[in-house]
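*Asks:* Following this note's numbering, the numbering of the sequence shown begins with -19 at its first residue and continues without gaps.
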Amino acid sequence: MWERTLTVNGFSKAFAMTAEEPDFDTPSVIAEAGINVICEGHTRYTPNAGTFELRKAICHKLEEENGISYTPNQILISNGAKQSVLQGLLVVCSSGDEVIIAGPFYVSYFEMARMAYANLLVLDLDETLVCAYKTSSLPVILRSQATEVGLSWFELECVSSNKEYDRKPKVNHVTVFERQYSYELFSIAFS
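1) Determine the DSSP secondary structure at D77, reduced to helix, strand or coil.
2) When you compare only the Cα positions, how much space is there between S74 and Q54?
3) Tell me the DSSP secondary structure of N46 in three-state form.
4) Would the beta-carbon of L70 be found less than 7 Å away from any heavy atom of the ligand HEM?
5) For the alpha helix (DSSP H) containing N59, name the first residue and the last one.
6) Along the alpha helix (DSSP H) that carries Y86, what are the first and last residues, could you check?
7) Can you tell me which residues form a DSSP beta bridge with L100?
8) According to the Cβ coordinates, are G30 and I57 closer than 8 Å?
9) How many Å lie between N46 and E78 at the Cα?
10) Once you ignore the five residues that flank A93 on each side, which residues in its own chain have a CB closer than 6 Å to its CB?
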């Protein structure tokens, strides 16, 4: 609607940069698949982590296309990045903890940290952040997509918990939009 309003008011081409909503209808193959699963009786809630079949298919995709191996028990399906990041922070943060985040960032992260009774420490995405991450046991949120400021359309978000366990960070990785761009997705899960 916003795009149409701007176009009608004389702008030659307007781009809607809100809510990451697509500007096209659901492809018919997807719509038909949705209709088919409803007709087959798949109309109940699924397990919180996602169905075993979906998690197994994701494992197959990751091995075939990205060269990494996971088991279905290592895969978690969520209804979006915000849910995963918030739940990760709620699990790893205690009252008064600091959460390091690279700026610019998604505005919800302040409230997510607040809900986890943590404080948000914003650092520029440069050597300062890298040094802070290497020497810290704090949770870290990295976001290389900054759609709200128009920097890129590539997204990597992760929440890293306390590094004391085996001296390796625990990572909850959320990848969105992997196949929409002309460049290869960089993911810490793929490295």
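Idealized CB from N, CA, C, for every residue including glycine.
*Replies:* Let's see:
1) Of the three classes helix, strand and coil, the one that applies to D77 here is coil, per DSSP.
2) Taking the CA atoms as reference points, S74 sits about 24 Å from Q54.
3) If DSSP states are grouped into helix, strand and coil, N46 belongs with the helices.
4) For the structure depicted, the ligand HEM is absent and the ligand set is empty, with no information on it obtainable.
5) Looking at the DSSP string, N59 is not in any alpha helix (DSSP H), and its letter there is neither H nor E.
6) Judged by DSSP secondary structure, Y86 falls outside any alpha helix (DSSP H); it is assigned neither H nor E.
7) V79, per the DSSP bridge assignment.
8) Contact flag set, yes.
9) Spanning the two alpha carbons is a distance of roughly 33 Å.
10) Here A93 has V79 and L100 as same chain residues with Cβ atoms under 6 Å from its own Cβ, once five neighbours each way along the sequence are excluded.
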